[in-house]
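Here the structure is laid out as structure tokens; the discussion comes afterwards.
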Amino acid sequence: MSSYDPSDFQFGGAGFSSRVDTDTPIFGPLGDASSGINKLTPRALKQHLDRFVVGQNRSKRILSTAIYHHYKRTQQLQQRQEEQDELLRSSQAMGAQSLDEEIPHQPRAVRVPPKGDRSSIHDFSPLTIEKSNVLCLGPTGVGKTLMLRTLARVLEVPFSMSDCTPFTQAGYVGEDADVCIHRLLAAANWDIRRAGNGIVCLDEFDKIAKPKSPYGSKDISGEGVQQALLKIIEGTTLQINTKPERRPPAGLPNSPSGSNSSFGAGMAGGGGAAAKGETFTIDTSNILFIFTGAFIGMQKHIIDRVAKGSIGFNAPVRGSSVDELAEDQELMKELTPFFSSSVEEVDEAEDESGTKAKIKKKKFNPLELTEPSDLISFGLIPEIVGRIPIIAAVESLDEDMLVRVLTEPRNALLKQYTELFALSGVELRFTSPALRQIAKSAIAMNTGARGLRTVMERILSDAMFESPGSSIRYVLVTEAVSKRECPPAYFARGQQHVFHSIIATEEEEWTVRTEEKKSSMTGGNSTASGSGSSRGQSGRKRAGGSA
């Protein structure tokens, strides 16, 4: 057992007391103890994402880990920079003090550096942790952009998002590739140090892939833009020129001339660096780049690549199935049984006891098997693929997940419209079958969660026009309303009991329909198994009789 000296428990020369000053360093066995403050971890970042984004568990883990490591890297770099600044200030102070101590009219002493062994070169620079850029690919409207914005908002890191669609080569009409750094600098309020540790998101990254055919018009927004992004991603020094703001001529509605304006307004006194027109030099070595894109057609390419490697008598073969999604799921299940997939819990009724039990149903996302060769085949150059070591794949949203998107997140769409109607003194309610039908209509649009707002606007357009300033106090959206078979139901202040009774009736009918559907599914399975066993027994009897 270790023994401690009584001096180990003294703080600043004083004896032990019930009060501890945390501003002074603590020595002894408790010197390395934690202060008890909750530290930022990837798990904490994912839990925060769960409040805003539904599903995408694997992508949340990858993005939370990547941004957490970027956050720790920036902290380390900032700490080293502060130590170097402090060392520089102390050395300058010591140099000034030594000059004051020299005797006047005497030759200045020159310090000769000690002779060392110059045969070997020693590098005493600290270890540098390099960044790992991220590619997030998957269908549109599933939460790629929302996850990045949410994480950047939590960390209070400068964040900019640029669309790669208008990017062109230098000299052509369009935006240059370095405009993303310009936006990041503006997001950091023109602070070069903060912008040098920021996050740049390049959306629609798949739109700058080089075309499949080398013939045709000149490619000005494909491989040339990727070449321009190479050095920016790897790390280089850019000079960002900010043009002075143009003011409208006098006489226009937005011109500063008039009784409320003063001469020289908007010149050097306001507008910041952008109004003055300055040149900034920024290093992109520590900027984290996150690329997002739908990469349409990548899923089929991956499945074909995996299926091509399965040759033999027992290898699975892709057939011409009507339901391609179900066929792809079965193929991924057979070819990659080791695959780390997301898990969805489903409730079903048992045959004998009649009780409900949760079973786990695996959903395979082929995009999580993306390899660098797949990205190169899609149209990305190998140099830029090698600079993106992390790939996070998101999955499409099914009906259950879209219902959760409507109701669960902190800024859920259902909560937004409920609050919007509440501003006019109107209570808005949806029934469970109505929410299911809204999710089905959004799936048919093939735009992900963005289709939910389109469906909601179509259903509630008349109610949002007629409710404000009227006697309407309750608006109800039922299953028939969500199918657009009838307009929403309106109720006055004295019809509150009718409003709630209709909700209770439809909810009860929905519960009965759901139970009947589950029982029919389990009954069909048991009947099929029973008929199969009876057929087996009759076959054995016929075989015995013939014998």
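Residue numbers (UniProt numbering): 1 to 547.
Cβ coordinates follow ideal geometry from the N, Cα and C atoms, glycine included.
All values derive from a computational prediction rather than experimental measurement.
Following the DSSP letters along the chain, one finds F465 inside the alpha helix (DSSP H) bounded by residues R450 to E466. A contact is defined here as three or more CB-CB pairs under 8 Å, and the stretch 133-150 meets this definition with respect to the stretch 288-301.
Taking the C-beta atoms as reference points, Q299 is found no nearer than 7 Å to G224. For I303, DSSP assigns no beta-bridge partner whatsoever. Considering only F205, W190, I282 and C201, the residue with the shortest C-alpha distance to G235 is I282.
Taking the Cα positions, R473 is about 16 Å away from P487. According to DSSP, residue pairing for A66 in a beta bridge does not occur.
The alpha-carbon separation between A422 and L435 amounts to approximately 19 Å. Secondary structure of S125 (DSSP, three-state): coil. Excluding five sequence positions before and after G386, the CB atoms of its chain that fall closer than 8 Å to its own CB belong to P372, given in chain order. Of the residues F491, K415 and E83, the one whose Cα lies closest to the Cα of P126 is E83. Taken through DSSP and simplified to helix, strand or coil, C201 comes out as strand. Annotation: F465 to D203 spans about 36 Å, alpha carbon to alpha carbon.
In summary, I438 is buried, with 16 or more beta-carbon neighbours lying within 10 Å of its beta-carbon over all protein chains present. The stretch 150-165 makes no contact with the stretch 407-415; the number of CB pairs closer than 8 Å stays below 3. Taking the C-beta atoms as reference points, V200 is found no nearer than 7 Å to G143. Proximity to I208 across W190, L229, G198 and G196 peaks at L229, based on C-alpha coordinates.
Within the DSSP secondary-structure output, I282 pairs in a beta bridge with L238.
Look at Y490 here: in three-state DSSP terms it is strand. In this structure, the CA atom of L420 is about 30 Å from the CA atom of L45. For R387, there is no enclosing beta strand (DSSP E), as DSSP marks it with neither H nor E.
If you draw a 10 Å sphere on the C-beta of M94, you find fewer than 16 other C-beta atoms in it, and that means exposed. DSSP links T447 through a beta bridge to no other residue.
Cβ neighbours of I384 within its own chain (closer than 8 Å, five residues either side excluded): Q226, L229, L230 and I233.
Here the C-alpha atom of V394 lies approximately 29 Å from the C-alpha atom of T418. A66 is a Cβ neighbour of I390, given a cutoff of 7 Å. Taking 7 Å as the cut-off, the Cβ atoms of I302 and L397 do not count as close.
Nearest Cα to R458 within the set R80, V477 and S470: V477. In the DSSP assignment, the residues bridged to T292 are C136. By alpha-carbon distance to N365, the top candidate from Y490, K483, M456 and N57 is N57. Between T74 and N197 the beta-carbon gap is near 4 Å, inside 8 Å, which marks them as a contact.
For I240 against I181, the beta-carbon gap comes to about 6 Å, under 8 Å, which counts as contact. With distances taken between CA atoms, T128 lies nearest to H69 out of Q92, L87, H69 and L184.
A direct Cα-to-Cα measurement between R453 and E86 gives close to 54 Å.
A residue is called buried when at least 16 other Cβ atoms come within 10 angstroms of its Cβ; P409 meets this threshold and is buried.
Cβ-Cβ distances below 6 Å link V405 to V54 and A449 in the same chain, with the five nearest sequence neighbours on each side left out; the list follows chain order.
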